[in-house]
Amino acid sequence: MRHVISVLVQDHPRVLNRITGLFARRGFNLESLAVGTTHVPGLSRISLVVSGDDHTLEQVEKQLNRLIEVLKVTDHSEPHVERELALVKVHVAGVEERLAVKDIQEAFRARVVDVAQKSLILELTGDSKKVDSFIEALRPYGILEVMRTGAVAMSRGERTLKVREKREAV
Amino acid sequence: MKGSEALLKALEREGVEVIFGHPGGAIMPTYDALYDSKIRHILVRHEQGGIHAATAYARASGRVGVVMATSGPGALNLVTGLADAFMDSTPVVAITGNVPRALIGTDAFQEADVTGVTMPITKHNYLVQEVNDIPRVVREAFHIASTGRPGPVLIDIPKDVQLAEFTGTFDVELDLPGYKPTTKGHPKQIERALDALEKAERPILMVGGGAQHAHGELLAFAERTGIPVITTLMGLGAFPGNHPLWLGMPGMHGTVAANRAIHHADVILAIGLRFDDRVTGKVSRFAPHAHTIIHVDIDPAEIGKVVRTHVPIVGDAKLVLRELLKGAKPLKLAAWWRELEEWRTRYPLRWKPRPHLQSQEVIRAFHEATGGQAIVTTGVGQHQMFAAQFFPVSRPRSFITSGGLGTMGVGLPFAIGAKVARPEELVIDFDGDGSFQMTLQELATLVKYKLDVKVVILNNGYLGMVRQWQDLFHAKRYSEVYLADSNPDFARLAEAYGIKGVKVERKEDLMKGVEAVLSADGPVVAEFKVYHEEGVFPMIPAGGAAEDMILEHPAEREEVEA
Ligand SMILES: Cc1ncc(C[n+]2csc(CCOP(=O)(O)OP(=O)(O)O)c2C)c(N)n1
Chain W
1 MRHVISVLVQ
11 DHPRVLNRIT
21 GLFARRGFNL
31 ESLAVGTTHV
41 PGLSRISLVV
51 SGDDHTLEQV
61 EKQLNRLIEV
71 LKVTDHSEPH
81 VERELALVKV
91 HVAGVEERLA
101 VKDIQEAFRA
111 RVVDVAQKSL
121 ILELTGDSKK
131 VDSFIEALRP
141 YGILEVMRTG
151 AVAMSRGERT
161 LKVREKREAV
Chain F
171 MKGSEALLKA
181 LEREGVEVIF
191 GHPGGAIMPT
201 YDALYDSKIR
211 HILVRHEQGG
221 IHAATAYARA
231 SGRVGVVMAT
241 SGPGALNLVT
251 GLADAFMDST
261 PVVAITGNVP
271 RALIGTDAFQ
281 EADVTGVTMP
291 ITKHNYLVQE
301 VNDIPRVVRE
311 AFHIASTGRP
321 GPVLIDIPKD
331 VQLAEFTGTF
341 DVELDLPGYK
351 PTTKGHPKQI
361 ERALDALEKA
371 ERPILMVGGG
381 AQHAHGELLA
391 FAERTGIPVI
401 TTLMGLGAFP
411 GNHPLWLGMP
421 GMHGTVAANR
431 AIHHADVILA
441 IGLRFDDRVT
451 GKVSRFAPHA
461 HTIIHVDIDP
471 AEIGKVVRTH
481 VPIVGDAKLV
491 LRELLKGAKP
501 LKLAAWWREL
511 EEWRTRYPLR
521 WKPRPHLQSQ
531 EVIRAFHEAT
541 GGQAIVTTGV
551 GQHQMFAAQF
561 FPVSRPRSFI
571 TSGGLGTMGV
581 GLPFAIGAKV
591 ARPEELVIDF
601 DGDGSFQMTL
611 QELATLVKYK
621 LDVKVVILNN
631 GYLGMVRQWQ
641 DLFHAKRYSE
651 VYLADSNPDF
661 ARLAEAYGIK
671 GVKVERKEDL
681 MKGVEAVLSA
691 DGPVVAEFKV
701 YHEEGVFPMI
711 PAGGAAEDMI
721 LEHPAEREEV
731 EA
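Here's what the structure looks like:
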């Protein structure tokens, strides 16, 4: 099963190293990782996409929690918003292709962010499935480059990833 | 004050009395400051010796062990020992020098990315970039190493930081928002545990290294309930090895009684152990009749990691046992004990007597001669298992061995660390001829500090444990395990260091040899030439289960049953 996990960490040097090292060492399957700062100075938030069975996921969470710089780990099993940003550079040989690509762009509500003689860069945000479909739709035209950020996620509603006083027991 | 002086002051404030270490360029400012410090330094001959000694110091004393090394090669020589301490949850702080900040990342002389290398084998590590951070980092390192699930923490300090002028404060508050170990067990779960135990017909208590500090509570709990107790290799001594409730060690070379008890148990209370594969064998066949497994551990990640747990209790063994003790009642276990007693008397640990001198009888002889009153350290191999089987210790922190990593060469440096921690105790290192030769240079450390350690080498002329596996599982193809053609004369080797050497080759000289070792005033290296083809039994082959236990070498089985 695919899981999206959010991790709140102190943004010390090497903290990412610790996290990726943990995944490598314990044989957890890490599909993507996205990191950015938060509104609190010194705290960063990481979104991980991981696949595995319940036992593996339980271990992923527990092992992440063991890291000294990890403040909080949430597996987004509840309703959540998930987004990924993709930049796709696609080959456009002539006017016909350009129009066809434009149709796709509109259908997906993507944006054109760069126009060149023989290529376009399109920007899309959406959940990972939407990005997948977008790329598939563009594939026949000749994709030159794809850059995806990996999924980021946030729980809907009241649930937040704020720091608790005590670490949860099991 | 320089950074190096601030470092030592911070260490003093943590109560550090002794540091094991080896100097070098990048740590020289700290060694310079050490020259004026109250802290005692034990100069080892190899950094691996230093980290193992610090580990045993911690294990024997219950305090944090400290080791120091220079950058690059010095620090990297700590790697095996850090991994060893990590696997066996031992509180150690390792301090390493690094090249000056400006040279970090340039492949400078003696530079290695030590924090990178040690990340997976330390509980946490630091690269100190700011001189004024030193007190905070030291404070945190000791706190992290010694609380929660203990473990090694490394502090890497660039040389220029050691030399920089310190203008900070030593009164630092601990601020580790992501580190708040749970020490008190959840009352609901404790209630459930007591409930399950009360209804149990065949309960057992399994105890690991995480309960070494809880021996008093453990004893009280076991005696109150009458539950049979099994201690893992790391748990040896946490419960007295001479107590009628004790069934011995479980697992690959455990006792029949302990393994059968696990196999037939309906409720298992496991405290401070991590269900290592040497203990469980094949997990799917482990404890097949246990409908309730209660697992007490301070590390939540250990609970449910290997075996399914029905009652998880995150907490410190001592505190949880205190809570359990409040509700503990005497259990009616007469029928269960009849079964256990039968197994225990029918299958005691024993060996097949031979005309040759045997490791088991050497160890037994030392046990008898000392009344079991010693701190035992071991190398890794057959002799380690024999020591665990035939030198049952009755006090906590007195069997110090490499459990999780199985590191050959720990015996002598472990003995050094234990002796420094508890100088009033008799310290015996039961070592193998192979294991001993991995760190024998530390004999020099014994000499330098006049450490009265008794090294007993059980010389079978082989890498015995590997030979045993080749015997049983590789059709006796003894690939690269023969040592006797090139072993030194260990007694003469000792004498070259100015240490008393003893050599015993014949069975009839055993007692004389034991006497010579124990009566010597000062360190001894004794070589006992033991039967070269001995095997450790009972044995559950790797990946097997309790039912697959073999009691004797297959070729000798008939005689045993007769
Ligand atoms: C550093 C290290 N290298 C290799 C091994 C694998 N190993 C385990 S036991 C053993 C043989 C140990 O021989 P010895 O110390 O002579 O003890 P014996 O088994 O003969 O009692 C070996 C090679 C190990 N545990 N540690």
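For the protein sequence lines, the chains are W and F, in the order given.
Those letters in the first sequence? Residues 1 to 170, per our numbering, in order.
Those letters in the second sequence? Residues 171 to 732, per our numbering, in order.
Ideal Cβ positions, reconstructed from N, Cα and C, are used throughout, including at glycine.
What residues are listed by DSSP as bridge partners for Thr37 (chain W)? Position 37 of the first sequence, counting from 1, holds the residue named residue 37 (chain W). Paired residues: W:Ser44.
Secondary structure of Ile197 (chain F), DSSP reduced to three states:
For the purposes of this step, residue 197 (chain F) is taken as residue 27 along the second sequence, with counting starting at 1. Note: Ile197 (chain F) maps to helix in three-state DSSP.
Residues that DSSP places opposite Thr462 (chain F) in a beta bridge: The residue given as residue 462 (chain F) occupies position 292 in the second sequence. In the DSSP assignment, the residues bridged to Thr462 (chain F) are F:Val437.
- Message: Counting only Cβ pairs nearer than 7 angstroms, list the residues of chain W close to Met289 (chain F).
- Response: Within the second sequence, numbered from 1, the residue matching residue 289 (chain F) stands at position 119. When 7 angstroms is used as the limit between beta carbons, Met289 (chain F) is near these residues of chain W: Asn17, Arg18, Gly21, in chain order.
**OP:** Could you have a look at Asn412 (chain F) and say whether DSSP puts it in helix, strand or coil?
**Re:** The sequence position of residue 412 (chain F) within the second sequence is 242, counting from 1. In the structure shown, Asn412 (chain F) falls within a coil segment according to DSSP collapsed to helix, strand and coil.
Between the segment 559-572 of chain F and the segment 397-417 of chain F, do three or more beta carbon pairs fall short of 8 angstroms?
-> yes
Starting from Gly232 (chain F), find everything on chain W with Cβ-Cβ shorter than 8 angstroms and list it in chain order. As a working note, residue 232 (chain F) is residue 62 in the second sequence. In chain order: nothing, as chain W lies at least about 22 angstroms away.
Are the beta-carbon atoms of Pro322 (chain F) and Ala226 (chain F) separated by less than 7 angstroms? Within the second sequence, residue 322 (chain F) is the residue found at index 152, counting from 1. Within the second sequence, residue 226 (chain F) is the residue found at index 56, counting from 1. No, Cβ-Cβ distance for Pro322 (chain F) and Ala226 (chain F) is not below 7 angstroms.
Worksheet item: Listed from N- to C-terminal order along the chain, which residues in the segment 268-286 of chain F have their beta-carbon within a distance smaller than 9 angstroms of any beta-carbon of chain W?
Response: Cβ contacts with chain W come from Thr285, Gly286.
Which chain F residues are close to Arg62 (chain W), counting only those with a beta carbon under 7 angstroms from its beta carbon?
Here residue 62 (chain W) is taken as the residue at index 62 of the first sequence, counted from 1. Note that residue 62 (chain W) is Lys in the sequence shown, not Arg. Near Lys62 (chain W) (Cβ distances below 7 angstroms), the residues of chain F are Pro470, Ala471.
### Task
Return the first residue and the last residue of the beta strand (DSSP E) that Thr401 (chain F) is part of.
Residue mapping note: residue 401 (chain F) aligns to position 231 of the second sequence, counting from 1. Residues 399-401.
Note to self: At the 7 angstroms Cβ level, is Pro347 (chain F) part of the contact set with chain W, yes or no?
What the structure shows: Here residue 347 (chain F) is taken as the residue at index 177 of the second sequence, counted from 1. By this cut-off, Pro347 (chain F) is an interface position.
message = Measuring alpha carbon to alpha carbon, tell me which residue in F:Glu343, F:Ile325, F:Ala315, F:Arg306 is nearest Phe336 (chain F).
response = As a working note, residue 336 (chain F) is residue 166 in the second sequence. Ranking F:Glu343, F:Ile325, F:Ala315, F:Arg306 by Cα distance to Phe336 (chain F) puts F:Arg306 first.
| task | Report the partner residues of Thr548 (chain F) according to the DSSP bridge assignment. | result | Mapped onto the second sequence, residue 548 (chain F) falls at position 378. Partner(s): F:Phe600.
Starting from the C-beta of Val308 (chain F), find all residues in its chain whose C-beta is less than 6 angstroms away, skip the five residues before and the five after it, and write them out in chain order. Counted from its first residue, the second sequence places residue 308 (chain F) at position 138. So the list reads Ala180, once near-sequence residues are dropped.
Identity of the residues DSSP links to Tyr632 (chain F) by a beta bridge: Here residue 632 (chain F) refers to the residue found at position 462 when the second sequence is read from its first residue. Looking at the DSSP assignment, Tyr632 (chain F) forms a beta bridge with F:Tyr652.
Could you tell me whether the Cβ of Leu144 (chain W) comes closer than 7 angstroms to any Cβ of chain F? Counting from one through the first sequence, the residue named residue 144 (chain W) turns up at place 144. Output row for Leu144 (chain W): interface = no.
Should Val284 (chain F) and Ala224 (chain F) be called a contact, given that it needs their Cβ atoms to be closer than 7 angstroms?
Counted from its first residue, the second sequence places residue 284 (chain F) at position 114. Counted from its first residue, the second sequence places residue 224 (chain F) at position 54. Contact flag unset, no.
query = Which residue's Cα is closest to the Cα of Asn247 (chain F): F:Gly232, F:Ser231, F:Ala264?
reply = For the purposes of this step, residue 247 (chain F) is taken as residue 77 along the second sequence, with counting starting at 1. That would be F:Ala264, whose Cα lies nearest to the Cα of Asn247 (chain F).
For a contact meaning CB atoms closer than 9 angstroms, what does His313 (chain F) contact in chain W? On the second sequence, residue 313 (chain F) is found 143 positions in, with the first residue counted as 1. Chain W residues near His313 (chain F): none, gap ~10 angstroms exceeds 9 angstroms.
Thr56 (chain W): first and last residue of the uninterrupted alpha helix (DSSP H) it sits in: Walking along the first sequence from the start, residue 56 (chain W) turns up at place 56. Residues 54-66.
Check your understanding: So which residues on chain F does Leu71 (chain W) lean against when the C-beta distance must stay under 8 angstroms?
Key -> Within the first sequence, residue 71 (chain W) is the residue found at index 71, counting from 1. Under the 8 angstroms cutoff, chain F gives Pro347, Gly348.
Phe312 (chain F) lies in the alpha helix (DSSP H); which residues open and close that run? By one-based count along the second sequence, residue 312 (chain F) stands at place 142. Annotation: the continuous alpha helix (DSSP H) that includes Phe312 (chain F) extends over 304-316.
Would a check of beta-carbon distances place Arg66 (chain W) closer than 7 angstroms to chain F? In the first sequence, counting from the first residue as 1, residue 66 (chain W) sits at position 66. Closer than 7 angstroms: yes.
Do you know offhand how far Ala539 (chain F)'s Cα is from His526 (chain F)'s? Counting from one through the second sequence, the residue named residue 539 (chain F) turns up at place 369. Counting from one through the second sequence, the residue named residue 526 (chain F) turns up at place 356. Rounded to the nearest whole angstrom, the C-alpha separation of Ala539 (chain F) and His526 (chain F) is 21 angstroms.
Just mark Ala427 (chain F) as buried or exposed, buried being the case when its beta carbon has 16 or more other beta carbons within 10 Å. Taking the first residue of the second sequence as position 1, residue 427 (chain F) is located at position 257. By the Cβ neighbour-count rule, Ala427 (chain F) is buried, with 16 or more other Cβ atoms within 10 Å of its own.
task = Taking only beta-carbon positions, decide if Gln294 (chain F) is within less than 7 angstroms of chain W.
result = Numbered from 1 along the second sequence, position 124 holds the residue referred to as residue 294 (chain F). Reading the sequence as shown, one finds His at residue 294 (chain F) and not Gln. True, the Cβ-Cβ gap to chain W drops below 7 angstroms.
When Cβ atoms are compared, which residues of the segment 424-452 of chain F fall closer than 7 angstroms to chain W?
-> none
Next on the checklist: Any beta carbon of chain W sitting closer than 7 angstroms to that of Phe256 (chain F)?
Outcome noted: Locating residue 256 (chain F) in the second sequence gives position 86, where the first residue counts as 1. So, not an interface residue.
*asked:* Only counting the same chain, and skipping five residues up and downstream in sequence, which positions put a Cβ closer than 8 angstroms to that of Thr352 (chain F)?
replied: Here residue 352 (chain F) is taken as the residue at index 182 of the second sequence, counted from 1. Its chain contains Ile468, Pro470, Val484, Gly485 as the residues whose beta carbon lies nearer than 8 angstroms to that of Thr352 (chain F), once the 5 sequence neighbours on both sides are disregarded; these appear in chain order.
- Task: Could you name the residues of chain W that Gly111 (chain F) contacts, counting a contact when the two beta carbons are closer than 9 angstroms?
- Result: Residue 111 (chain F) lies beyond the range of chain F shown here (171 to 732); nothing can be said about it.
Run through the DSSP bridge pairs and tell me what Phe569 (chain F) is partnered with. By one-based count along the second sequence, residue 569 (chain F) stands at place 399. Note: Phe569 (chain F) sits in a beta bridge opposite F:Val546.
Looking at the secondary structure, which residues open and close the beta strand (DSSP E) in which Ala696 (chain F) lies?
Within the second sequence, residue 696 (chain F) is the residue found at index 526, counting from 1. Where Ala696 (chain F) is concerned, the enclosing beta strand (DSSP E) stretches over 694-699.
Legend entry - Residue nearest to Gly220 (chain F) in terms of C-alpha spacing, selected from F:Asp206, F:Thr200, F:Gly191, F:Gly242: The residue given as residue 220 (chain F) occupies position 50 in the second sequence. Per the Cα distances, F:Gly191.
| field | Beta-carbon neighbours of Arg2 (chain W), restricted to chain F and to distances below 9 angstroms | value | Reading the first sequence from its first residue, position 2 is the one you call residue 2 (chain W). Under the 9 angstroms cutoff, chain F gives no residues; its nearest Cβ is about 22 angstroms from Arg2 (chain W).
_So that I know if they touch, is there some Cβ in chain F lying closer than 7 angstroms to that of Arg25 (chain W)?_
As a first step, residue 25 (chain W) is located in the first sequence; it is residue number 25 there, counting from the start. Yes, Arg25 (chain W) lies at the interface with chain F (some Cβ there is under 7 angstroms from its Cβ).
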